[in-house]
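Note that numbering that gives the first Met the number 0 gives residue 144 to position 145 of the sequence shown, counting from 1, and the numbers run on in steps of one. The structure appears right after this line, and notes come after that.
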Amino acid sequence: MTRHVIAMDVGGTSLTTGLVRQDGQLTNLSRIAIDSSGTAEELLGAFTDALKSCLARAQGARLTPVGIGIAICGPFDYQRGISLMQNLGKYDHLYGVNVMQELRRRLALPPSLPLVFDVDSWSFARGQAWLGAARRYRRVIAFTIGSGVGSAFVVDGEVVADGPGVPPLGWIAGQPYQGGILDHYVGRHQLIARYQALTGLRLEVAEIAQRASQGEAEAASVFSEVATTLGNFIRERHVIPFGAECLVFGGRIAQSFALLRPALTQSLKGVSGLKAILAVNNSVRSSLQGVTRLVLILSSGCR
């Protein structure tokens with residue numbers, strides 16, 4: 000009997016849900032906007048409505064999901080389902096809330112139905128290693144670049160949280176850098192801040208990318224700076240000791256990856272064993288598949 004999982008990706012501005020088959024095929028995809036600065040009640044209500052709608056679609060198709068998987072950014076207590084996010088400008092009002100308990104209560108879920116939370120970058124990495132472009136490689140480092148930079152390390156299709164070159168929780172951007180952490184120097188905020196410093200204009204990343212694509216030197220230079228910073232940082236600390244064969248990038252900024260690729264490739268030139276640097280436009284799809292894979296593994300030991 001074919002098994003199905005209800006999967007949800009919690010983004011900074013949207014919630015995406017889908018019914019995912021055990022082979023990774025996605026159906027009944029739905030995306031709704033969310034104001035991540037809303038109150039706890041508003042946010043929980045949005046989560047509940049999105050999942051309730053997907054559950055109803057499954058019921059309409061006469062399908063009984065074997066579990067629910069939610070890919071969400073941190074900090075988060077993924078085992079207990081408690082949000083630890085604060086002062087991030089998104090989901091701050093969920094701080095300390097047991098999201099797992101709230102969703103179980105609001106959706107009236109039976110105790111036997113698994114409700115699993117996963118690091119969004121881990122879900123993306125797992126999905127890529129399972130069904131994505133990275134599936135051809137044994138040792139993969141995956142990055143999600145949006146407002147911040149997430150990462151995950153994969154060996155033989157499984158996310159690993161320790162080992163040579165693997166930082167705590169696989170989060171590269173949380174490592175110390177120039178008096179802060181790397182995340183402050185390679186994400187959305189750095190691109191915007193550097194462009195403003197060069198031009199006096201405060202633009203969103205998409206606008207800066209458009210200008211870079213049209214040949215504006217200042218716009219192109221900020222992408223080059225960020226890519227060089229990231230590449231130089233990860234080369235000796237992570238890529239080489241981990242033995243990465245593939246780097247795969249997702250997230251919103253991955254849509255502008257052509258602007259990052261030249262400097263990133265140059266900074267990693269000559270790394271033995273690194274065979275591919277890839278970008279994925281639809282990273283949410285991989286996240287939904289990845290969290291589905293986790294639910295299937297936890298619910299039955301399927302590998």
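Glycine residues also receive a C-beta, built at the ideal position from the N, C-alpha and C atoms.
| Check | Outcome |
| --- | --- |
| Boundaries of the beta strand (DSSP E) in which Met7 is found, first to last residue | His3 to Val9 |
| Burial state of Pro240 (16 or more Cβ within 10 Å) | exposed |
| Inter-residue Cα distance where the pair is Arg234 and Trp121 | 21 angstroms |
| Residue from Ala107, Ile144, Phe152 and Gly145 with nearest C-alpha to Cys245 | Phe152 |
| C-beta contact flag for Val96 and Ala39 at 7 angstroms | yes |
| Secondary structure of Gly17, DSSP reduced to three states | strand |
| CA nearest to the CA of Met7, picked from Arg30, Gly23 and Arg20 | Arg30 |
| Ile191, enclosing alpha helix (DSSP H) - first and last residue | Arg187 to Thr198 |
| Rounded straight-line distance, which links the Cα of Leu297 to that of Pro261 | 40 angstroms |
| Inter-residue Cα distance where the pair is Gln78 and Pro113 | 12 angstroms |
| Simplified DSSP assignment, three categories, for Val238 | helix |
| Beta-carbon gap between Leu190 and Val148 smaller than 7 angstroms | no |
| Inter-residue CB distance, Ala70 and Gly289 (contact presumed, cutoff 8 angstroms) | 7 angstroms |
| Contiguous alpha helix (DSSP H) assignments of at least 4 residues, all confined to the stretch 209–274 | 216–233 and 256–266 |
| Inter-stretch contact at 8 angstroms, needing at least 3 Cβ pairs: the stretch 119–138 / the stretch 152–165 | yes |
| Ser35 vs Tyr94 beta-carbon contact at 7 angstroms | no |
| Nearest candidate by alpha-carbon position, reference Leu83, set Val118, Pro110, Arg135 and His237 | Val118 |
| Bridge partners - Ala70, DSSP secondary structure assignment | Asp8 and Asp117 |
| Ile276 versus Gly178: straight-line alpha-carbon distance, rounded | 29 angstroms |
| Those residues which DSSP pairs with Ser150 across a bridge | Phe142 |
| C-beta atoms of Leu259 and Gly230 nearer than 7 angstroms | no |
| Coarse secondary structure for Cys301, derived from DSSP in three states | Legend: pLDDT at Cys301 = 48, less than 50; position of this residue unreliable, value from coordinates given subsequently. Here Cys301 sits in coil by DSSP. |
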